[in-house]
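Okay, so here's the structure we're looking at.
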Amino acid sequence: MIKRLGLPVASTVLAVALTGVAGASVQQEHAAPRPSTATDDNFNPGRNHRVLDPLVGTWKAMKTNYVLGGDQPVVSRDLTIKVRWIARTGDRFLQEETQGTLAGSRYYRLGVLGFSNIDRRYEWTTFDSVTPVAMTYRGAPVTGVASTLSIPGEFTDPGLLGPAYLGKTIPMRTVITIRANGRHTFDLYFTPPGQAERLADRVTYTRKIKQ
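FYI, the numbering for the sequence shown is -24 to -1, 1 to 187, going by mature numbering (1 follows the signal peptide of the UniProt record, and there is no 0).
Pasting the structure below:
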C-alpha cells in the first residue's frame, strides 16, 4: 500500500512543467520541428505549437514525488516517456505516455497537451495509475512565445493529501521548462486550502534515447 500524507513546502525555487494526454492508438512521431504557419489562425498549428517540438521523442526520466512517501520524497529513476504529435488531430496535440515504477508499484500516465489558438492558452490533461480523477489544466492567455509554461488547474482530492482534504477542491499548477540542451523539467504544485503553494511532483527528462 502507498502511504499518502501531506505535502512538504518546496525549499528551492522551481520552474516547472507541463504534461499531456491523448489516444494511445496514435503512434506517429515527428522528431524534427516543422515550419510555423506564415500567419497563425484559429485552426492550424502555429508558433506556440512549435514551442513544444523539443519535447517530442523517447526519454528516460527521474520522478520525485512529495505526496506519496510521507516525510521523505519517493524517487523513481526508471521512467520511460514517449512524446508524439498526434497525426490524426492534424498535429494539434501532443500525446505523452509514461511507464515505469513509483513507490514499488507499476506506474503509468497518459497525457494530452495542446495550444488553443482562439483562447491563446496551453491546455493539458492527464490520467494516471495513482490518481483516480482526470487532472485538467487550462492556462491564462499568453502573448508572444515562451519556453517556460505555467498552466493552472484544480481537482477534487480523493484522499491523496490525507483525511482532512478528502473531497476538497485543490488548486494545482504545472510548469514546464523547455531547455535547448534537452533537460526539460515538469513540476506540479498543489495549494491545499489555507496553505501556501507546495511542490508535489517533479519530472526531469534526463536523457534522450537514440532511435
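Glycine included, C-beta positions come from ideal geometry on N, C-alpha and C.
List the endpoints of the continuous beta strand (DSSP E) containing residue i.
{"i": "Lys41", "result": "It should be pointed out that residue 41 corresponds to Asn in this sequence rather than to Lys. That run of the beta strand (DSSP E) goes Gly33 to Asn41."}
{"i": "Ser105", "result": "Premise fails: Ser105 is in no beta strand (DSSP E) and is neither H nor E."}
{"i": "Leu44", "result": "No beta strand (DSSP E) contains Leu44, which DSSP labels as neither H nor E."}
{"i": "Arg82", "result": "Ser81 to Ser92"}
If you follow the alpha helix (DSSP H) that residue i is part of, which residue opens it and which one closes it?
{"i": "Arg26", "result": "Arg23 to Arg26"}
Measure the alpha-carbon distance for residue i versus residue j and round it to whole angstroms.
{"i": "Leu136", "j": "Leu70", "result": "27 Å"}
{"i": "Arg78", "j": "Arg64", "result": "With the sequence shown as reference, residue 78 is identified as Leu, and Arg is not the correct amino acid for it. Spanning the two alpha carbons is a distance of roughly 32 Å."}
{"i": "Ala156", "j": "Gly120", "result": "18 Å"}
{"i": "Tyr83", "j": "Thr150", "result": "19 Å"}
{"i": "Arg114", "j": "Pro128", "result": "6 Å"}
Does DSSP classify residue i as helix, strand or coil?
{"i": "Asp67", "result": "coil"}
{"i": "Ala176", "result": "strand"}
{"i": "Asp17", "result": "coil"}
{"i": "Asp29", "result": "helix"}
Let me check one thing: in DSSP terms, what residues is residue i bridge-paired to?
{"i": "Thr145", "result": "Thr132"}
{"i": "Asp54", "result": "Answer is none; Asp54 lacks a bridge partner."}
Looking only at its chain, what residues have a beta carbon closer than 7 Å to the beta carbon of residue i, apart from the 5 residues adjacent to it on each side?
{"i": "Val50", "result": "Asn41, Leu44, Leu78 and Ala79"}
{"i": "Thr145", "result": "Glu130 and Thr132"}
{"i": "Ala37", "result": "Leu55, Ile57, Val179, Thr180, Tyr181 and Thr182"}
{"i": "Ser92", "result": "Glu99"}
Looking only at its own chain, which residues have a Cβ that is under 6 Å from the Cβ of residue i, when we skip the five neighbours before and after it?
{"i": "Asp104", "result": "Arg85"}
Residues in its own chain within less than 8 Å of residue i by CB, not counting five upstream and five downstream?
{"i": "Ala176", "result": "Leu(-18), Asn41, Tyr42, Val43, Met148, Leu164, Tyr165 and Phe166"}
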